[in-house]
Amino acid sequence: MLLFIEQCLNGLQLGLLLFLLAAGLTLIFGIMDLVNLAHGSFYMLGAYFAATFAVMTDSFVLAALLAMLATLVVGMAVEVIAMRRLYGRDHLDHVLATFGLILFFNEFVRLAWGPEGRNIPLPSWLNTSIELLPGVPYSAYRLSIIVVALAVAFLLYLIVMRTRLGMLIRAGASNREMIGALGVNIKLLYTLIFGVGAALAGLAGLMQGAILTAQIGMGENILILAFVVIIIGGIGSIRGAFIASIMVGLIDTVGRSYLPEFFKLALSNEAAATAGPAMSSMLIYLLMALVLVVRPEGLFPAGGR
Amino acid sequence: MKMALCAAGAVLALAAAPAAAQDKIKIGFVSTFSGPTAVIGNDMRNSFELALDHLGRKMGGKDVEVIYEDDQQKPEVGLQKTQKLIQSDKVDFVVGYIWSNVLLASYKPVVESQTFLIGANAGPHQLAGEQCSPFFFSTSWQNDQTPQAMGLYMNQKGVKSVYLIGPNYAAGKDMLAGVASTFKGQIVGQDLTKWPDQLDFSAELSKARAANPEAIFVFYPGAAGAQFLNQYVQAGLKGKIPLYTAFTIDELTLPRQGDAALGVPGAQEWVNDLPNDANRKFVADYRKKHADVPGPTFYGAQSYDAAMLIDSAVKGTKGNLSDKNALRAELKKANFKSVRGNFKYGNNHFPIQNFYLQEAVKNPDGKLALKTVSTIVENDQDRFHEKCPMK
Chain W
270 MLLFIEQCLN
280 GLQLGLLLFL
290 LAAGLTLIFG
300 IMDLVNLAHG
310 SFYMLGAYFA
320 ATFAVMTDSF
330 VLAALLAMLA
340 TLVVGMAVEV
350 IAMRRLYGRD
360 HLDHVLATFG
370 LILFFNEFVR
380 LAWGPEGRNI
390 PLPSWLNTSI
400 ELLPGVPYSA
410 YRLSIIVVAL
420 AVAFLLYLIV
430 MRTRLGMLIR
440 AGASNREMIG
450 ALGVNIKLLY
460 TLIFGVGAAL
470 AGLAGLMQGA
480 ILTAQIGMGE
490 NILILAFVVI
500 IIGGIGSIRG
510 AFIASIMVGL
520 IDTVGRSYLP
530 EFFKLALSNE
540 AAATAGPAMS
550 SMLIYLLMAL
560 VLVVRPEGLF
570 PAGGR
Chain P
4 MKMALCAAGA
14 VLALAAAPAA
24 AQDKIKIGFV
34 STFSGPTAVI
44 GNDMRNSFEL
54 ALDHLGRKMG
64 GKDVEVIYED
74 DQQKPEVGLQ
84 KTQKLIQSDK
94 VDFVVGYIWS
104 NVLLASYKPV
114 VESQTFLIGA
124 NAGPHQLAGE
134 QCSPFFFSTS
144 WQNDQTPQAM
154 GLYMNQKGVK
164 SVYLIGPNYA
174 AGKDMLAGVA
184 STFKGQIVGQ
194 DLTKWPDQLD
204 FSAELSKARA
214 ANPEAIFVFY
224 PGAAGAQFLN
234 QYVQAGLKGK
244 IPLYTAFTID
254 ELTLPRQGDA
264 ALGVPGAQEW
274 VNDLPNDANR
284 KFVADYRKKH
294 ADVPGPTFYG
304 AQSYDAAMLI
314 DSAVKGTKGN
324 LSDKNALRAE
334 LKKANFKSVR
344 GNFKYGNNHF
354 PIQNFYLQEA
364 VKNPDGKLAL
374 KTVSTIVEND
384 QDRFHEKCPM
394 K
């Protein structure tokens with residue numbers, strides 16, 4: 270039972286991390302109708318920026334803030350320089366252009382930081398484990414990811430649901446043409462959303478980077494998961510992204526930990542050891558397929574379409 | 004007259020071309036040169052090139068041309084690059100392969116074309132047993148051997164129970180099977196994780212802790228080794244459940260593992276401080292030539308040996324590459340100074356060699372380095388050689 274609680278925490282942590290990535294992705298996709306494969310590059314840049322700033326400032330928290338700011342700036346610059354030319358074009362053009370951006374950023378990182386990856390040093394108060402419940406020691410850093418991501422999710426909720434800016438964002442997600450026709454400065458809104466999306470991805474990247482180290486191409490695998498999340502949650506919906514991320518995180522982690530044991534009941538040990546991991550990595554895609562069959566718009570589609 | 008001259012010239016040119024080709028030894032080198040594990044491929048290339056420098060860029064008096072190909076750590080890409088080397092470059096030797104799954108995919112086309120294949124890292128059990136080939140030689144090990152040595156060491160330490168964690172691909176399965184074959188205690192659980200994309204091991208570490216073993220054995224090559232070790236420390240397991248490793252700590256990952264690697268034992272057939280002349284020269288010259296990168300690693304040492312092995316065989320046949328039987332007989336002698344100390348080939352063309360215990364230590368200058376602690380097993384032969392029909 271204690272193990273189950275611990276695995277749920279692990280799943281929650283992965284899910285919330287995915288949420289940070291998916292929130293930006295779903296807004297960009299939903300509001301700007303832009304398929305942004307390069308979102309994973311901001312995730313990677315966040316980690317590399319944090320690695321550099323952590324060495325410079327000798328403080329993880331300061332480095333994290335600076336890295337988010339830097340990815341925000343890079344994101345807005347990318348929007349102004351590259352993305353603006355893509356609005357209203359075919360999705361295939363988006364895929365091609367943003368795939369090009371992935372290659373560009375990977376090579377850029379290789380030139381700027383070298384091919385071997387970077388560590389993000391953690392302060393000692395984060396690099397330990399704490400006794401959450403008696404008998405459940407948990408990594409203090411992973412716990413801090415949960416706390417920070419929940420705080421960001423709450424903040425996003427407040428902004429999207431309670432402010433004028435959020436109203437515009439929601440309006441944009443449900444009907445893009447109408448909001449432009451009503452005289453909202455759509456250009457500025459787009460730049461801002463893209464930048465914030467990039468900064469959130471950067472935050473996810475730098476937090477995960479301290480666990481996984483910063484690597485070239487680190488964003489590409491997790492981006493696939495993020496796309497699964499926004500498909501399950503419904504494109505353009507922050508609430509959908511939040512719930513779907515936690516579902517995906519929990520299913521992935523709990524599946525990984527219990528499915529092999531489960532298979533052992535029916536199969537030989539050898540077959541279970543092979544089928545278990547293979548099956549558990551398929552689970553979230555099965556969920557996505559199921560959602561697509563039952564609710565093709567996703568669980569919480571942004572209204573009006 | 005003019006026509007005749009032209010024709011004669013053409014004939015000469017045609018005749019000269021194959022002669023020139025024969026004067027040169029062509030080697031195809033397949034490794035990973037892009038992505039997060041490119042540092043391993045670079046270390047192998049640096050070491051192979053260093054060996055060529057030491058040989059005066061010639062093997063048995065012939066010029067050497069090396070064609071490096073990037074497998075991107077993907078079996079299908081490795082196969083494609085290998086086929087290209089054999090069919091269009093028509094290389095005399097194919098060398099390299101970090102990953103067992105890439106080697107398994109690329110193996111058949113090489114040996115079926117009767118080209119010699121020198122495996123410089125991966126050693127899947129299939130190639131040591133039923134699928135052994137007269138055209139395959141390894142300068143590394145059979146996958147099971149290194150973890151087998153670790154299993155023996157855990158017995159020596161009196162470990163009674165262990166939890167095994169490794170990646171779910173050919174080598175990962177071999178490694179866990181290897182440690183299970185020599186470890187006398189109880190295996191309380193094991194996890195195979197999705198490879199190479201799963202880098203978050205929280206679920207596995209939680210399970211390992213809950214199983215309450217006396218030790219954890221782990222195999223994560225390349226960058227994943229740094230990621231695993233960091234997470235093991237963050238989960239608060241260091242100092243609680245000791246870690247035993249194979250191929251998880253090397254010179255490339257050490258800078259990123261830092262103090263987390265201190266005191267974590269690993270088994271290896273080569274360590275940078277092995278006291279023999281060939282090794283001292285290899286390590287010193289590598290560090291002089293490539294001061295900007297950490298290394299050399301065991302991957303590099305095996306690649307260096309691969310070059311020396313080919314050179315010894317070419318010298319042995321006096322440069323005659325067409326007599327494959329003679330070339331094979333020369334390769335089988337392993338008549339060169341290996342940087343791990345000399346070894347013999349078994350019937351399946353895998354080395355019979357020693358395995359050492361290595362540990363990370365802090366040098367007086369504050370830098371971390373790997374050093375040999377003891378010899379775990381001497382003249383170890385892999386456990387699949389009897390299944391190989393070659394005698």
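Heads up: the sequence lines are chains W and P, in that order.
Under the numbering used here, the first residue of the first sequence carries the number 270, and numbering increases by one thereafter.
Under the numbering used here, the first residue of the second sequence carries the number 4, and numbering increases by one thereafter.
Ideal Cβ positions, reconstructed from N, Cα and C, are used throughout, including at glycine.
Predicted, not measured: the structure shown is a model, and the values here were computed from it.
For a contact defined as C-beta to C-beta under 8 Å, what are the partners of residue i on chain W?
i	result
Gly38(P)	Ile485 and Gly486
Thr196(P)	Arg525 and Pro546
Arg386(P)	Within 8 Å Cβ-Cβ: nothing; Arg386(P) doesn't reach chain W, min ~18 Å.
Ala213(P)	Leu271, Leu272 and Glu275
Ala226(P)	Gly386, Thr482 and Gln484
Could you tell me which residues DSSP puts in a beta bridge with residue i?
i	result
Phe139(P)	Leu120(P)
Leu246(P)	Ile219(P)
Gln361(P)	Gly269(P) and Thr375(P)
Tyr348(P)	Pro354(P)
Met313(W)	For Met313(W), which the question treats as bridged, DSSP gives no partner whatsoever.
Asp73(P)	Ser34(P)
Lys65(P)	Met62(P)
Ser398(W)	Ser408(W)
Ala483(W)	Arg387(W)
Lys27(P)	Asp66(P)
Lys380(P)	Strictly speaking, residue 380(P) in this sequence is Val, with Lys absent from that position. Its beta-bridge partners are Phe358(P).
Applying the 10 Å Cβ sphere with the 16-neighbour rule, what's the burial state of residue i?
i	result
Asn375(W)	buried
Gln117(P)	exposed
Gly64(P)	exposed
Val162(P)	buried
Ile244(P)	buried
Asp200(P)	exposed
Ala332(P)	exposed
Gln234(P)	buried
Gly357(W)	exposed
Phe339(P)	buried
Pro570(W)	buried
Lys291(P)	exposed
Asp46(P)	buried
Could you tell me how far apart the beta carbons of residue i and residue j are, in whole angstroms, since I believe they sit closer than 8 Å?
i	j	result
Asn382(P)	Gln361(P)	The pair is not a contact, with the Cβ atoms about 19 Å apart (cut-off 8 Å).
Leu373(P)	Asn275(P)	6 Å
Val221(P)	Gly188(P)	Actually they are not in contact, since the Cβ atoms of Val221(P) and Gly188(P) sit about 16 Å apart, beyond 8 Å.
Gly284(W)	Ser514(W)	5 Å
Phe288(W)	Ala418(W)	6 Å
Leu401(W)	Ala479(W)	Incorrect: roughly 19 Å between the Cβ atoms, too far for contact.
Run down chain P in chain order and give the residues with a C-beta less than 9 Å from the C-beta of residue i.
i	result
Gly518(W)	Correct list: empty, because the minimum Cβ distance to chain P is about 10 Å.
Ser506(W)	The premise fails here: Ser506(W) is roughly 26 Å from chain P at the closest Cβ pair, so nothing lies under 9 Å.
Thr326(W)	Correct list: empty, because the minimum Cβ distance to chain P is about 19 Å.
Which residues in chain P sit within 8 Å of residue i, going by Cβ to Cβ distance?
i	result
Gly403(W)	Gly is not the amino acid found at residue 403(W); the sequence shown has Pro there. In chain order: nothing, as chain P lies at least about 14 Å away.
Ser310(W)	Those within 8 Å of Ser310(W) in chain P number zero; the least Cβ separation is about 15 Å.
Leu283(W)	Asp203 and Ser205
Arg411(W)	Ser205 and Gln237
Residue i versus chain W: which residues are under 7 Å apart at the beta carbon?
i	result
Val42(P)	Pro384 and Glu385
Ala229(P)	Thr482
Asn171(P)	Pro546
Arg259(P)	Gly386, Asn388 and Thr482
Asp200(P)	Asn490
Since residue i is in the beta strand (DSSP E), which residue starts that stretch and which ends it?
i	result
Thr196(P)	Gln189 to Thr196
Val349(W)	Where Val349(W) is concerned, there is no enclosing beta strand (DSSP E), although the alpha helix (DSSP H) it sits in stretches over Phe329 to Ile350.
Pro406(W)	Val405 to Ser408
Phe387(P)	It is not in any beta strand (DSSP E) - Phe387(P) carries neither H nor E in the DSSP assignment.
Gly261(P)	It is not in any beta strand (DSSP E) - Gly261(P) carries neither H nor E in the DSSP assignment.
Pro170(P)	Ser164 to Pro170
Val97(P)	Phe96 to Gly99
Indicate whether at least one CB of chain B lies closer than 9 Å to the CB of residue i.
i	result
Gly181(P)	The question asks about chain B, but that chain is absent: this structure's protein chains are W and P.
Give me the chain P residues within the contact set of residue i, using Cβ-Cβ distance strictly less than 7 Å, ordered along the chain.
i	result
Glu275(W)	Ser209
Pro406(W)	Gly239
With residue i as the anchor, note down where its alpha helix (DSSP H) starts and where it stops.
i	result
Glu446(W)	Arg445 to Ala450
Pro546(W)	Asn538 to Val563
Gly228(P)	Ala226 to Gln237
Pro529(W)	Ile507 to Ala535
So which residues of chain W does residue i contact, with C-beta pairs closer than 9 Å?
i	result
Leu255(P)	Glu385
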